[in-house]
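**Q** If you scroll down you'll find the structure; I have some questions about it.
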Amino acid sequence: MRLNDAINRIAFISDYPPRKCGIATFTQDLRNAINSQYPHSETFIISVNDLPEGYNYPPEVRFEIQHNDLSNYRNAADYLNFNPVDIVCVQHEFGIFGGPAGNYLLTLLKEIKSPIVTTFHTILKIPDVEQMRVMRELIRLSSRYVVMSETGKDFLEKIYHADPLRIDIIPHGIPDMPFVDPNFYKDQFGVEGKYVILTFGLISPGKGIENVLKALPKVIKKFPNIVYIVLGATHPNLLRQQGESYRFSLERLANDLGINKNVIFYNRFVSLEELKEFIGAADIYITPYLNEAQITSGTLSYAFGCGKAVISTPYWHAQELLNDSRGILVPFNNPDAIAEAIEELISNETLRHSMRKKAYIIGREMIWSNVAHLYMESFIKARRSKIQLSKHRVIIKTLEEENLNLPKLKTYYLKKLTDETGIIQHAKYSIPNFKDGYCLDDNSRALILTVLLENTPYYDDDVRRLQEIYASFINYAFDEDNRFFRNLLSYDKKWLEEKGSEDSNGRALWALGTVINRSKNQQLQNWAADVFVRAINNVETFTSPRAWAFTLSGITEYLSKFGGDRIVSQIRDELEKRLIGLYKSVASNDWKWFENYLTYSNAKISLGLLSSASISSNQEAMVIGLESLKWLCGIQKSANGNFAPIGNQGFYNRGQKRAWFDQQPIEAYSTIAAALKAFEVTKDNYWLKEARLAFEWFLGRNDNQISLVDHNSGACRDGLHIDRANSNMGAESNLSYLLSLTLMHLYSESYSFSENNFETSERTSLVVN
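Following this line, the structure appears as structure tokens:
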């Protein structure tokens, strides 16, 4: 090692014990191993919390991140830049970090100056668009990448296009244990004289433990002195959502199979020393996972490397590690095959001990002390490459090049407009106007907003409560008999119509689809799906193009979750056909629109068609959606180049003069949502520019140079008059602003909205279709 290669300070970004997680344990073991082998190096942890209260961490944890608080990631970057380190080592796993597919981590990594080495604990073979984007950005930001298998290296190269020269294969570390007879440990657990089969790790349905239980009756008939130990606590996420219901179902299964005397459930997250003793006592280790998508298994590495005979289903890591008769692979979901494998290993001691010896010899390369040296070599290479590449330049941006500085999203006024029934339609100045009651339109928009906020730091218990209120309103609005929604509800809780407008029904379906596809609340998703499938069949009676478009947006969300629904797909195709036909019958070279007039929420028609075409692959719909939106964006500009939506004081009839005022916030939101969707499907930076222009209309980039947003409350005024802003602050306007701001915040984490330097990369749909 050259003198200037010395790695003196290392920061690990991961979760960490006492959080119960395999990645947390891995990080602790890796840090301890590096400290042991390189005592001159200082190591510390930046840990990610999944609980608001955090954990009682050991002193090596210097900084905590709340996983869904984006500001914490920025603060962590500041911490690392003020306390510089030689290497930042990221332990990456989907689910640890906040944001869509964990993209909040990227905010941190983009800001830090130290070289980054990322360990990929999960490498998906078929990622969704958002996961692909996050992975490619991680690869771009990292100096080197660590994978734990040849399969992982192959995936990283071929699927994510990582530079193979920057990939290091370092096995999952294991404790250094002597190669001893399992009987040495058995008396500690009261299982002396028995064959011990072991499965350990956090318990969850994907582990396939039920298949081992189903295999045991057959084995017990031949070898009654079998005991199967299931070691490990229920996975914390599963425990929070379902309690111990899965573990109880396994216990009931064991009871039903009559194998209670042969099964031990040890419901604890054990220490390393305890784990070593359990592994030591095992004759056979089983990993019966249910599918192949497991690139790394720490439990398999531990058991194999410590010299155990292993039976496993053929997930990716097992296929590679147990190759050349180093273990027995059995088909997925096949208890009979598991039983045969157990019987073979018990009956054939020579085979069993031969496997043990092969595994133990290979395992010497996997012990933590050796893994620490391999990581240090990777760190040194990363630091060298960073030094070679760093030619420091000071880049000064003009105001035009600077990215858009977004306001903080405030929900104070949203809460003020909402009571226990729903969001109140109108306000007199900033005072809710009870006289006008509530409407389905606004509660649908509000529900969509709360679902979008689930992927931001602004989602809290108060927003969750509002979400339930808006969902309850929509549920109450649904007429079970005619399967239409009612729209207008008086303040004294009386419906003012038997059936709401087509547009309000379309918006309700749009909101339900959004919940189905995007919400993380399973109960809310179930409710939304139930109402959606009952309401959707009436859509074909709609005659309003906007209702068709709103419904297409909802259908797109629904089919993104349930793409195999033929009935809903057929309705989508019919609505696409209608909008295409309408456009062809009306549009000309100078009027590229669906109707002979522009009125309200205009861009939503283009958005509905673009959203639908993005999953139907209807190229004609895609072309018309883009063509109409581009024409509309041209119409919605003043002589000064500002965004200037069609005013509602006369709208715009073909061949006549357009109305310039009153300009409405709903038009800005519609344009922003449609422009961002157009960018998603084209990657053309023109659309990011249009989205920015429309958003800045709220902030005063309009022909009157008046901001519609109150800085203190975050509330939005109802529109722009010819000489002033409308002083009232109703629900539609505020929801339009908050939806627009939320979309811009979500996009700004991945794209630059500077006018001359729009960054592009792949991204899943963030636009509410």
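For the sequence shown, our numbering assigns the number 774 to the last residue and increments by one with no breaks.
Yeah, the Cβ is synthetic: ideal placement off N, Cα and C, and Gly gets one too.
Please read all numbers here as calculations on a predicted model, not as lab measurements.
Could you give the distance in angstroms between the alpha-carbon of Pro63 and the alpha-carbon of Tyr21?
**A** Near 9 Å, if we compare the C-alpha coordinates of Tyr21 and Pro63.
**Q** Using 8 Å for Cβ pairs, my map puts Lys363 next to Arg331. What's the rounded Cβ distance?
**A** Right, the Cβ-Cβ distance comes to about 5 Å (below 8 Å), so this counts as a contact.
**Q** With a 10 Å radius around its C-beta and 16 neighbouring C-beta atoms as the bar for buried, classify Gly237 as buried or exposed.
**A** Under this definition Gly237 is a buried residue.
**Q** At 4 residues or longer, and completely inside the stretch 454–515: list those alpha helix (DSSP H) runs for me, N to C.
**A** 466–482, all fully within the stretch 454–515.
**Q** Under 8 Å by Cβ, that's how I've got Leu56 and Tyr78 pegged, so tell me the actual separation to the nearest angstrom.
**A** In fact, because the Cβ distance is near 17 Å, the residues do not count as touching under 8 Å.
**Q** Excluding the 5 residues preceding and the 5 following Ile855 in the sequence, name in chain order all residues of the same chain whose CB lies nearer than 7 Å to its CB.
**A** Outside the shown range of the chain, which is 6 to 774, sits residue 855, and nothing can be said about it.
**Q** What residues match up with Thr124 in a beta bridge as DSSP calls it?
**A** Answer by DSSP bridge pairing, in chain order: Gln96, Val151.
**Q** Which residues does DSSP list as the beta-bridge partners of Asn658?
**A** The partner list for Asn658 (beta bridge, DSSP) reads Tyr602.
**Q** Since Lys219 and Leu262 are thought to touch, with beta carbons under 8 Å apart, how far apart are those beta carbons, to the nearest angstrom?
**A** Rounded, the Cβ-Cβ distance is 7 Å, consistent with contact.
**Q** Below 9 Å between beta carbons: does that hold for Ile629 and Tyr602?
**A** It is not a contact, given that the beta carbons lie outside the stated cut-off.
**Q** Are the CB atoms of Leu612 and Ser558 within a distance shorter than 9 Å?
**A** It is a contact, given that the beta carbons lie within the stated cut-off.
**Q** Inspect the CB distances between the stretch 454–465 and the stretch 483–503 and report whether three or more fall short of 8 Å.
**A** With the cut-off at 8 Å, the stretch 454–465 and the stretch 483–503 do not touch.
**Q** Would you mind reading off the limits of the beta strand (DSSP E) that contains Thr546?
**A** It is not in any beta strand (DSSP E) - Thr546 carries neither H nor E in the DSSP assignment.
**Q** With a CB to CB cut of under 8 Å and the five nearest residues on each side skipped, what residues in its chain are close to Ile202?
**A** If we look at Ile202 and ignore the five residues flanking it on each side, its Cβ neighbours are Val217, Ile231, Val232, Tyr233, Ile234, Ala287, Asp288, Ile289, Tyr290, Ile291, Ile347.
**Q** Using three-state DSSP, classify Gln1 as helix, strand or coil.
**A** Residue coverage of the chain in this structure runs from 6 to 774, which leaves residue 1 outside it and unanswerable.
**Q** Using DSSP with H/G/I as helix, E/B as strand and the rest coil, what is Asp173?
**A** Asp173: strand per DSSP, three-state reduction.
**Q** Bridge partners of Lys433, per DSSP?
**A** Beta-bridge pairing links Lys433 to Ile436.
**Q** Within the same chain, show all residues whose beta-carbon is closer than 8 Å to that of Ser352, passing over the 5 residues directly before and after it, in chain order.
**A** Same-chain partners within the cutoff: there are none.
**Q** Hey, would you say Ser741 sits closer than 9 Å to Arg450, going by beta carbons?
**A** Cβ distance < 9 Å, so Ser741 and Arg450 count as in contact.
**Q** Buried or exposed: His45, going by 16 or more other Cβ atoms within 10 Å of its Cβ?
**A** So His45 ends up on the exposed side.
**Q** Need the endpoints of the alpha helix (DSSP H) that Arg577 sits in, please.
**A** It spans 571–591 - the alpha helix (DSSP H) in which Arg577 sits, taken as one unbroken run.
**Q** Report all residues from its chain with a CB closer than 6 Å to the CB of Thr790; omit the five preceding and five following residues, and keep chain order.
**A** Residue numbering for the chain in the displayed model covers 6 to 774; residue 790 lies beyond these limits and cannot be assessed.
**Q** Which of the three DSSP states, helix, strand or coil, is assigned to Lys642?
**A** Reduced to three states, the DSSP call for Lys642 is strand.
**Q** To the nearest angstrom, how far is it from the Cα of Met137 to the Cα of Pro183?
**A** Going by the C-alpha atoms only, they are around 42 Å apart.
**Q** Using only the heavy atoms of the ligand MG, determine whether one of them is closer than 8 Å to the beta carbon of Ala680.
**A** Inclusion of the ligand MG in the displayed structure is not the case, the ligand content being empty and no account of it being possible.
**Q** Closest by CA to Ile300, which one among Tyr190, Tyr307, Tyr320, Val315?
**A** Cα-wise, what sits closest to Ile300 is Tyr320.
**Q** Assuming Thr204 contacts Glu325 (C-beta within less than 8 Å), just tell me the rounded distance between them.
**A** Actually they do not touch by this definition, with Cβ atoms about 20 Å apart.
**Q** In this structure, how does DSSP classify Asn690 when only helix, strand and coil are distinguished?
**A** Three-state result, Asn690: coil.
**Q** If you count every other CB in all the chains shown that lies within 10 Å of the CB of Gly646, and 16 or more means buried, which is it?
**A** So Gly646 counts as exposed.
**Q** In the structure shown, what three-state DSSP assignment does Gln669 receive?
**A** Three-state DSSP puts Gln669 in coil, outside helix and strand.
**Q** CB Thr123 to CB Leu143, shorter than 9 Å?
**A** The answer is yes: Cβ separation under 9 Å.
**Q** Here's a check: name, in chain order, each residue in its chain whose Cβ is nearer than 6 Å to the Cβ of Glu672, leaving out the five neighbours to either side.
**A** Taken in chain order, the residues that qualify are Pro650.
**Q** Give the DSSP-derived three-state secondary structure of Glu349 in the structure shown.
**A** Helix.
**Q** Whose CA, out of Ser574, Ala552, Ala664, lies closest to the CA of Ile610?
**A** It is Ala552.
**Q** Grab the span of the beta strand (DSSP E) containing Asn54 for me, first residue to last.
**A** Taken as a continuous stretch (DSSP letters only), the beta strand (DSSP E) holding Asn54 covers 47–54.
**Q** In the DSSP assignment, find the alpha helix (DSSP H) that holds Val536 and state where it starts and stops.
**A** Note, Val536: alpha helix (DSSP H), 527–540.
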